[in-house]
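In full-length UniProt numbering, the protein residues as written are 1 to 307.
We put the CB at the ideal spot given by N, CA and C, even for glycine.
Everything on this sheet refers to the single structure shown next.
Shown next as structure tokens:
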């Protein structure tokens, strides 16, 4: 079995998939497989992947589109490696990515390892806001206490992604299986919500080098979700999870719950001010979130890996 599975969840990415896969195949580290799971693309993505004869590439195709989070989870389920490096189909890994991140997992306390990423985007505002994610965690050591990262995150308001998108993060598969995968409830921030669950029961390694390339353009899922306001409840779902996560100390959970209550009230005002044609939908979505959060089993911190 390979030590690492590079997981590529793919959908309608015929223009970028070859560059993406080339970055995986050109790694200086050799003990890996590259698993591509095509999410029922309607273009030539799957055909292009199947044209590769490299034995390191393994490809599967979903019979129907199951959504991005579920497709990421399917990658986790089918990965053979002890470690998982996600690679989004419009991003790239730099040649030493795997060789620099893998050694961190020799420490059994480490559940995830993250690094700087290079940004390619024409969106100057996005670069200004999200070009550097980790600064609020500084100073960072090579290995950092996971609970302390969460404590800092909650103390500063529980906003944003301080770790990185999946392409800039390597995770231990066994830890993923323990905490569950990506939540289908979140649209824009499913990654940080999952990283927080991992950090609640493990530590994080930090490599202070650019090891991947993040491509941000109008066609990425991140941009589409932001444009369509599909992620308006993401922070609520994240706070709800923190507030009932029994892996965390009580003070962190109480602070997260207070932030959740305040955010619920603000979202209620936002729903009230929404255009009349979408106001009922907003109220319905918010009500569903509140009911699920209040009725959730407090002994369960996990999202499901079921498809």
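Below 8 Å between beta carbons: does that hold for residue i and residue j?
i	j	result
residue 10	residue 17	yes
residue 267	residue 236	yes
residue 121	residue 239	no
residue 181	residue 76	yes
residue 252	residue 163	no
residue 243	residue 69	no
residue 86	residue 167	yes
residue 169	residue 112	yes
residue 207	residue 109	no
residue 94	residue 213	yes
residue 117	residue 210	yes
residue 249	residue 147	yes
residue 65	residue 40	yes
residue 247	residue 200	yes
residue 291	residue 230	no
residue 33	residue 81	yes
residue 8	residue 89	yes
residue 327	residue 197	Outside the modelled stretch of the chain, which goes from 1 to 307, sits residue 327, for which no answer is possible.
residue 274	residue 282	yes
Using 10 angstroms around the beta-carbon of residue i, count the other beta-carbons present and answer buried if the total reaches 16, otherwise exposed.
i	result
residue 38	buried
residue 13	buried
residue 312	With the chain running from 1 to 307 in the structure shown, residue 312 is simply not present.
residue 270	exposed
residue 129	exposed
residue 294	exposed
residue 278	exposed
residue 5	buried
residue 136	exposed
residue 144	buried
residue 1	exposed
residue 27	buried
residue 258	exposed
residue 284	exposed
residue 79	buried
residue 71	buried
residue 138	exposed
residue 227	For residue 227, the pLDDT reaches just 48, beneath the cut-off of 50, and the residue's location in the model is therefore unreliable, leaving the point undetermined.
residue 106	exposed
residue 156	exposed
So the candidates are the options; which of them puts its Cα closest to the Cα of residue i?
i	options	result
residue 308	162, 69, 46, 287	The structure shown does not extend to residue 308, since the chain is modelled only from 1 through 307, so no value can be given for it.
residue 119	200, 92, 51	92
residue 123	216, 20, 88	216
residue 29	144, 15, 42, 97	97
residue 233	78, 142, 174, 288	288
residue 245	43, 297, 72	297
residue 192	177, 153, 3	153
residue 31	55, 286, 203, 88	55
residue 104	67, 49, 3, 156	3
residue 183	195, 8, 173	195
residue 42	53, 63, 52, 36	63
Give the range of the alpha helix (DSSP H) segment to which residue i is assigned.
i	result
residue 177	173-179
residue 256	250-273
residue 237	234-243
residue 124	124-130
residue 136	Taken as a continuous stretch (DSSP letters only), residue 136 belongs to no alpha helix (DSSP H), as it is neither H nor E.
residue 2	Where residue 2 is concerned, there is no enclosing alpha helix (DSSP H), given that its DSSP letter is neither H nor E.
residue 294	279-295
Can you tell me where the beta strand (DSSP E) holding residue i begins and where it ends?
i	result
residue 121	110-121
residue 105	From DSSP, residue 105 is part of no beta strand (DSSP E); its letter is neither H nor E.
residue 85	83-86
Do we get a CB-CB distance below 8 Å when we pair residue i with the residues of chain C?
i	result
residue 173	Absent from the structure is chain C; it holds one protein chain and no more.
Practice task
Please list the segments of the beta strand (DSSP E) lying wholly inside the region 10-76, counting only runs of 3 or more residues, in order along the chain.
Solution key: 32-38, 57-61
Practice task
Could I get the ranges of all uninterrupted beta strand (DSSP E) runs contained in the region 138-223, with 3 residues as the minimum, in chain order?
Solution key: 169-172, 203-216
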